[in-house]
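One structure is given below, encoded as structure tokens.
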């Protein structure tokens, strides 16, 4: 028996590199669940499967760290069983049982870490007290647009925090395009006017450049003289870095914008009073690690986290338990709503014609594919082949380029900057563009295999367009006859552009046991298997358990929790400096 992907070449059907089974061997696997792994070039899924099985059969795994009482109450499997079974389940029920335990573990360790961060934050006094200044009011009045009521409310909350008795630790959650950046800029101006430094850290160099240029424009337009900004990224030359380090250390630079380069050991801040992290869902746990790293440099600064990920408030309270939460739930009045549609693959020629028309009007377009290149056993569009197909379909004068996560950082930056500057008209990409570039001239977002993406991720992708004054469009292309749940999800995308409404709808549509769909991105921490939408109910149970554990064992001395604390300490990503477990 031969198994593989059939293709047509020169009018003949061919099966390249088939798996070959005897009828008896095929019968053993035909109704079983088989793992599918992410592959590196030169490795096959079969080889990875064999190696993983060997490791699981020969190496001792983790020591159980959950108290027996908790395992029994929530009907949780033994962790060693869960790890083995998630790779090689005997049936669907075993898979669900294993997954539930691993999801529980991820949530519990994270929520415990958040609880401890919250305790630490609540004890911190405000050593960088800032008084409100007229400059920020003048900037608001001088903007070419009026702030929405939601923006004004959030700004007043930040002003109140910065001048209060305790350190600010606040999350500003705003939908894509809701105007969070101007709030960040106002906060940095207020910090500078009070004689302190502020640092704005973003996940990509392109975004850092855009924020830096945007801040310079604001200074010029509003005649701001108190701010002295610098841009620090990984691609800054050694000489530039030395000069910037000196300016930061001496306090000459009081607005520092950049990437993770901001938390390198060589960067010494003189009086860092405010740390802002933007697009926080792309930093994951590293964002909290970054806050900790910056906090250790002298007195702890105020912290402002900007997130473009709309999630239900009930979940936000759990995920960002160490932060106060502000929400910007209005879009600027000048933004035109994005027009959306769901189509089959037969619509592609019309879509290509529409993209061509938009480009000849001076606009740009994104095309998103779920995969980088063709993969064994998965029938989905990939960036590499799709770009070739699109170049053939569009006129030669239209520049089509590709972008994906396997590229080197320097090459990714080059492509993103060329797209932002208009040199590239069509960008065929994976979800790597979900954050990191602001191109107001882009008016078309076309997503292939839309059924493979979660609602929140589709909404984040759609947020890449609709940022300019022109009408923008989102085309969701599906390959298969849709299931009822998937059809409902895509209908929600067509019906509304409101990210918070989408997040609530996603939570209702997808239950804890539903394995359909892809893992959400746009989350507060690194998840390997859990999904904050699909597993929302379990997350709420875990929060109660974590609070109970910390309340009953605040000094981490109960013998039954010993292995749990050890496991939490081992997760150095959280960087929790809790004396009892250090």
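Residue numbers (this note's numbering): 17 to 598.
Ideal placement from N, C-alpha and C gives every residue a C-beta, glycine not left out.
These numbers were taken from a predicted model, which means no experiment stands behind them.
Residue 290 and residue 320 closer than 8 Å at C-beta:
yes
Per-residue burial, residue 294 [other beta carbons within 10 Å of its own, 16 or more giving buried]
buried
Can you tell which of 220, 143 and 356 has the C-alpha that lies nearest to the C-alpha of residue 315?
143
Could you tell me if residue 204 is buried or exposed, where buried requires 16 or more neighbouring beta carbons within 10 angstroms of its beta carbon?
buried
Taking just the CA atoms, how far does residue 98 sit from residue 28?
46 Å
From this set, 227, 575 and 566, which residue's C-alpha is nearest residue 127's C-alpha?
566
The alpha helix (DSSP H) with residue 24 in it runs from where to where?
Not the alpha helix (DSSP H): residue 24 falls in the beta strand (DSSP E), residues 22-25.
Helix, strand or coil, according to DSSP, for residue 18 in the structure here?
strand
Which residue from 505, 460, 100 and 189 puts its Cα closest to that of residue 75?
100
Tell me whether residue 204 sits in a helix, a strand or coil according to DSSP, three-state version.
helix
Among the residues of its own chain, which have a CB less than 6 Å from the CB of residue 189, if the five just before and after it don't count?
323 and 343
Can you tell me whether residue 382 is helix, strand or coil according to DSSP?
strand
Classify residue 317: buried if its beta carbon has 16 or more other beta carbons within 10 angstroms, exposed otherwise.
buried
Nearest-angstrom Cα separation, counted from residue 102 out to residue 404
37 Å
Should residue 512 and residue 466 be called a contact, given that it needs their Cβ atoms to be closer than 8 Å?
no
Cβ distance (whole Å) where residue 446 is taken to contact residue 420 below 8 Å
5 Å
Residue 158, enclosing alpha helix (DSSP H) - first and last residue:
150-158
4-residue-minimum alpha helix (DSSP H) runs that sit fully inside the region 411-493, ordered along the chain:
425-436 and 471-478
Quick check: what's the CA-CA separation for residue 351 versus residue 475?
16 Å
Closer than 7 Å by C-beta to residue 484: which residues in its own chain qualify, once you throw out the five before and the five after it? Chain order, please.
456 and 457
Per DSSP, what kind of secondary structure is residue 362 in: helix, strand or coil?
helix
What residue from 177, 450 and 235 has the CA that sits closest to residue 382's CA?
450
Please work out which residues of its chain come closer than 7 Å, Cβ to Cβ, to residue 123, disregarding the five sequence neighbours upstream and downstream, and give them in chain order.
546, 554, 555 and 558
With a CB to CB cut of under 7 Å and the five nearest residues on each side skipped, what residues in its chain are close to residue 156?
163
For a test of the three-state rule: what should DSSP assign to residue 401, helix, strand or coil?
helix
Looking only at its own chain, which residues have a Cβ that is under 6 Å from the Cβ of residue 486, when we skip the five neighbours before and after it?
459
Could you work out which residue in 56, 480 and 402 is closest to residue 464 when comparing CA atoms only?
402
One question on the structure: do residue 147 and residue 96 come within less than 8 Å of each other, judged by their Cβ atoms?
no
With a floor of 4 residues, list each alpha helix (DSSP H) that falls wholly inside the region 97-148, ordered by position along the chain.
108-139
Candidates 166, 242 and 175, of which the one nearest residue 194 by Cα:
166
Which residue wins for smallest C-alpha separation from residue 67, given the options 86, 51, 80 and 44?
51
Do residue 191 and residue 515 have their beta-carbon atoms positioned less than 8 Å apart in this structure?
yes
Test item: CB-CB of residue 186 and residue 82 under 8 Å:
no
Cβ neighbours of residue 110 in the same chain (closer than 7 Å, five flanking residues each side left out):
101
Specify the secondary structure class of residue 215 as computed by DSSP and reduced to three states.
strand
Of the listed residues 388, 434, 576 and 200, nearest to residue 56 (C-alpha basis)
388
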